[in-house]
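In the order they appear, the protein sequences are chains W and Z. Note that the UniProt record's numbering gives residue 183 to position 183 of the first sequence, counting from 1, and the numbers run on in steps of one. Note that the UniProt record's numbering gives residue 121 to position 121 of the second sequence, counting from 1, and the numbers run on in steps of one. Here a beta-carbon is modelled for each residue, glycine too, at the ideal position from N, C-alpha and C.
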Amino acid sequence: MQIDERLEIETPEGTLLTLSLAGPIPRAMAYGIDLLIRIVFFAIFAMVLAALGKVGTGIMLITLFLLEWFYPTLFEALRHGQTPGKKFMGIAVVHSNGTPLSFNGSLIRNLLRTADAFPLFYLLGFISTLLSPRFQRLGDMAANSVVIHVESTPTAVKPENADTTPPDWPLTREDQLALLAFQERQSQFSEPRQQELAQLAYPELSPSLALQRLKAVTRYLMEGAR
Amino acid sequence: MKQIQFENRYRSVWNGLEAQLEQLEAIRVGRQKALPLDQFVTDYRQLCHQLALARERGYSLELQQYLNNLVLRAHRQLYRYNPSLADRIGDFFGRSFPQAVRRQWRWHMISALSFVLSIALAWTLVHQQPDMVYTVLDESSLADIEMMYQPDEDGGSDIHADRDGSDDVLMFGYYIKNNIGIAFRTFAGGLLLGVGAILVMLFNGSFFGAIAGHLINVGGDEPFFTFVIAHGAPELTAIVLAGGAGLRLGWAIIAPGAYTRLNALRLAAKDSLPTMYGVFALLLLAAFIEAFWSPRDFEPVVKYSVGAACWGLLYLYLLFGGRHGTGKG
Numbered sequence: 001m002q003i004d005e006r007l008e009i010e011t012p013e014g015t016l017l018t019l020s021l022a023g024p025i026p027r028a029m030a031y032g033i034d035l036l037i038r039i040v041f042f043a044i045f046a047m048v049l050a051a052l053g054k055v056g057t058g059i060m061l062i063t064l065f066l067l068e069w070f071y072p073t074l075f076e077a078l079r080h081g082q083t084p085g086k087k088f089m090g091i092a093v094v095h096s097n098g099t100p101l102s103f104n105g106s107l108i109r110n111l112l113r114t115a116d117a118f119p120l121f122y123l124l125g126f127i128s129t130l131l132s133p134r135f136q137r138l139g140d141m142a143a144n145s146v147v148i149h150v151e152s153t154p155t156a157v158k159p160e161n162a163d164t165t166p167p168d169w170p171l172t173r174e175d176q177l178a179l180l181a182f183q184e185r186q187s188q189f190s191e192p193r194q195q196e197l198a199q200l201a202y203p204e205l206s207p208s209l210a211l212q213r214l215k216a217v218t219r220y221l222m223e224g225a226r
Numbered sequence: 001m002k003q004i005q006f007e008n009r010y011r012s013v014w015n016g017l018e019a020q021l022e023q024l025e026a027i028r029v030g031r032q033k034a035l036p037l038d039q040f041v042t043d044y045r046q047l048c049h050q051l052a053l054a055r056e057r058g059y060s061l062e063l064q065q066y067l068n069n070l071v072l073r074a075h076r077q078l079y080r081y082n083p084s085l086a087d088r089i090g091d092f093f094g095r096s097f098p099q100a101v102r103r104q105w106r107w108h109m110i111s112a113l114s115f116v117l118s119i120a121l122a123w124t125l126v127h128q129q130p131d132m133v134y135t136v137l138d139e140s141s142l143a144d145i146e147m148m149y150q151p152d153e154d155g156g157s158d159i160h161a162d163r164d165g166s167d168d169v170l171m172f173g174y175y176i177k178n179n180i181g182i183a184f185r186t187f188a189g190g191l192l193l194g195v196g197a198i199l200v201m202l203f204n205g206s207f208f209g210a211i212a213g214h215l216i217n218v219g220g221d222e223p224f225f226t227f228v229i230a231h232g233a234p235e236l237t238a239i240v241l242a243g244g245a246g247l248r249l250g251w252a253i254i255a256p257g258a259y260t261r262l263n264a265l266r267l268a269a270k271d272s273l274p275t276m277y278g279v280f281a282l283l284l285l286a287a288f289i290e291a292f293w294s295p296r297d298f299e300p301v302v303k304y305s306v307g308a309a310c311w312g313l314l315y316l317y318l319l320f321g322g323r324h325g326t327g328k329g
């Protein structure tokens with residue numbers, strides 16, 4: 001079995017869309033942020049309403065009801081599947097075919113929240129999220145929705161003015177992707193680690209030469225011969 | 001074609017599409033028709049093609065990711081479904097809600113039976129053995145209830161005395177928060193193999209039965225029944241319907257029939273959603289009646305006839321609403 005947090009769906013245009021599913025941790029944090037927002041909002045609102053006596057208490061109870069049941073539904077249905085907490089965490093709810101969450105879908109998944117929260121601290125929802133191949137809690141299963149990461153990675157392939165070298169071996173598609181991935185992620189590694197990795201490709205060269213050579217080959221892949 | 005050339009060639013299309021998407025995402029759905037969208041569909045098709053090319057040619061993952069995100073955003077805008085809200089509400093009360101209730105009548109029947117039988121049981125027990133009431137309620141809450149409904153020396157009872165408009169609003173808020181919350185939780189409880197829903201029905205039924213039986217014993221029955229009769233129609237019905245919808249969910253997991261459990265659950269949820277919208281509407285109505293009509297001090301005859309009208313109208317609506325026309329009801 002393949003463990004993968006990506007969900008591939010085919011659009012009517014015949015393109016494969018890749019959704020990257022959000023696991024329990026970012027979702028729990030988003031929930032925490034939403035909870036905090038609601039508590040702060042309610043505290044401020046309650047202080048204002050306290051001046052109104054019994055009418056204020058009545059309105060306060062209605063507010064509490066709306067915050068508990070409709071805060072997530074309204075935000076998810078009207079703000080592209082994102083409550084403020086989800087927006088902050090860069091995640092969103094969509095239907096599992098990638099279309100935006102409908103009001104009905106959002107209502108189902110939020111009405112069934114109680115079942116997910118059973119018996120305490122979302123235990124059932126957590127177990128269901130871990131067991132489900134799409135990280136769905138029970139409410140998500142019933143509403144046919146998934147929670148995905150939506151952060152947009154800026155494309156940053158900048159041409160560098162340096163020499164390019166054609167690869168000296170028959171290049172497969174996997175090789176090409178590995179090289180390009182190395183190019184994109186190299187800033188995450190220290191220089192010696194980059195050299196070490198480059199030496200896997202060119203064991204016969206010295207570390208710094210190997211890295212230079214590998215970068216030149218990658219540039220060739222992206223820009224062609226100069 | 002190398003990646004840089006590819007990017008240079010199509011960058012303008014992507015930027016154009018991105019600008020259009022930002023416009024589309026910023027405004028409300030209803031106004032989107034005003035935008036010039038002819039180019040959008042063409043660009044989106046092209047984009048899909050380019051994403052496929054980028055994958056096939058093994059361009060960098062970052063570019064693939066960028067195109068993928070762009071396709072995803074455009075896909076969301078293109079395949080959005082949004083009919084007008086007023087039409088949907090009219091259709092809902094005119095047809096969908098009573099039809100959904102009748103479609104699932106078996107579940108509502110089970111839910112209603114468990115509720116009514118537990119009322120009857122608790123009522124009879126308390127009536128025969130007055131002390132039995134303490135198995136359901138503790139002494140202080142019982143004292144509160146007695147105080148509310150027992151006639152005072154001057155003949156009125158506590159629920160009618162010293163009550164003004166602000167109390168009504170307070171109780172309205174309380175009924176909304178409490179009752180609708182209970183109904184929603186009952187529905188969700190049904191997902192736990194139906195156990196949660198049945199338990200709520202049994203618990204609430206015996207609670208109600210015990211209070212009714214006890215108040216008859218202590219002579220507070222008239223204030224109590226004149227108080228509950230009108231709002232009881234939408235409120236008790238709504239709780240029973242929420243239980244029935246919950247049972248439907250639980251049964252979909254226990255016995256999914258020809259479907260996988262996941263699909264059976266999805267179908268059940270979709271099927272019971274109209275009922276839950278209706279439960280919400282009924283409980284709003286109930287809270288309104290309970291807060292603003294039930295505490296008014298009228299002759300019992302008036303209260304009982306209004307109550308009977310509530311029950312009658314509601315069940316006429318649920319049984320016969322939306323039967324004409326489609327032939328589906």
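Within the DSSP secondary-structure output, A92 of chain W pairs in a beta bridge with W:I148.
The segment 205 to 216 of chain Z makes contact with the segment 120 to 132 of chain Z; the number of CB pairs closer than 8 angstroms reaches 3 or more. At a cut-off of 9 angstroms between beta-carbon atoms, H75 of chain Z makes contact with chain W. When C-beta atoms of the segment 100 to 119 of chain W are compared with those of the segment 35 to 52 of chain W, fewer than three pairs fall below 8 angstroms, so the two segments do not count as touching. The beta carbon of L17 of chain W falls within 9 angstroms of a beta carbon belonging to chain Z, placing the residue at that interface. Taking C-beta atoms under 8 angstroms as the contact rule, S106 of chain W and T73 of chain W qualify, at a distance of about 5 angstroms.
About 5 angstroms separates the CB atoms of R137 of chain W and D116 of chain W; that is less than 8 angstroms, so the two are in contact. For the segment 47 to 63 of chain Z, the beta-carbon criterion of a distance under 9 angstroms to any beta-carbon of chain W is satisfied by L47, C48, H49, L51, A52, R55, E56, R57, G58, Y59, S60, L61, E62 and L63.
Each residue's CA atom was taken as its position, placing V40 of chain W and Y10 of chain Z some 47 angstroms apart. Distance from the CA of Y79 of chain Z to the CA of T99 of chain W, rounded to the nearest whole angstrom, comes to 6 angstroms. For T237 of chain Z, the uninterrupted alpha helix (DSSP H) segment begins and ends at D221 to I254.
A direct Cα-Cα distance of roughly 8 angstroms separates F203 of chain Z from S118 of chain Z.
When DSSP states are grouped into helix, strand and coil, E299 of chain Z belongs to the coil group. When only Cα atoms are considered, G196 of chain Z and P36 of chain Z end up about 52 angstroms apart.
Across the set W:P166, W:T114 and W:R27, the C-alpha of W:P166 shows the shortest separation from the C-alpha of K215 of chain W. Using a Cβ-Cβ distance cut-off of 8 angstroms, the segment 298 to 318 of chain Z and the segment 246 to 262 of chain Z are not in contact, since fewer than three pairs of beta carbons, one from each stretch, lie closer than that value. Interface flag for V71 of chain Z against chain W is set, since a Cβ pair is found closer than 9 angstroms.
Around the beta carbon of I176 of chain Z, 16 or more other beta carbons sit within 10 angstroms, so the residue counts as buried. Boundaries of the beta strand (DSSP E) around S20 of chain W: L16 to S20.
Taking the Cα of V301 of chain Z as reference, the smallest distance to any Cα among Z:A242, Z:F225 and Z:A264 is reached at Z:F225. For secondary structure counted as the alpha helix (DSSP H) over 4 or more consecutive residues, the segment 7 to 95 of chain Z holds these complete runs in sequence order: 38 to 56, 61 to 78 and 85 to 91. Its Cα nearest to that of R27 of chain W, the residue W:P84 stands out among W:Q212, W:P84, W:L101 and W:H95. Note that the C-beta distance between A183 of chain Z and V279 of chain Z is below 9 angstroms. Secondary structure at E13 of chain W: coil, using DSSP grouped into helix, strand and coil. For M276 of chain Z, the uninterrupted alpha helix (DSSP H) run begins and ends at R261 to F292, by DSSP.
Chain order gives no chain Z residues near R6 of chain W, where near means a beta carbon separation below 9 angstroms; the closest approach is about 10 angstroms.
By the Cβ-count criterion, N15 of chain Z is exposed, with fewer than 16 other Cβ atoms from all chains shown falling within 10 Å of its own Cβ.
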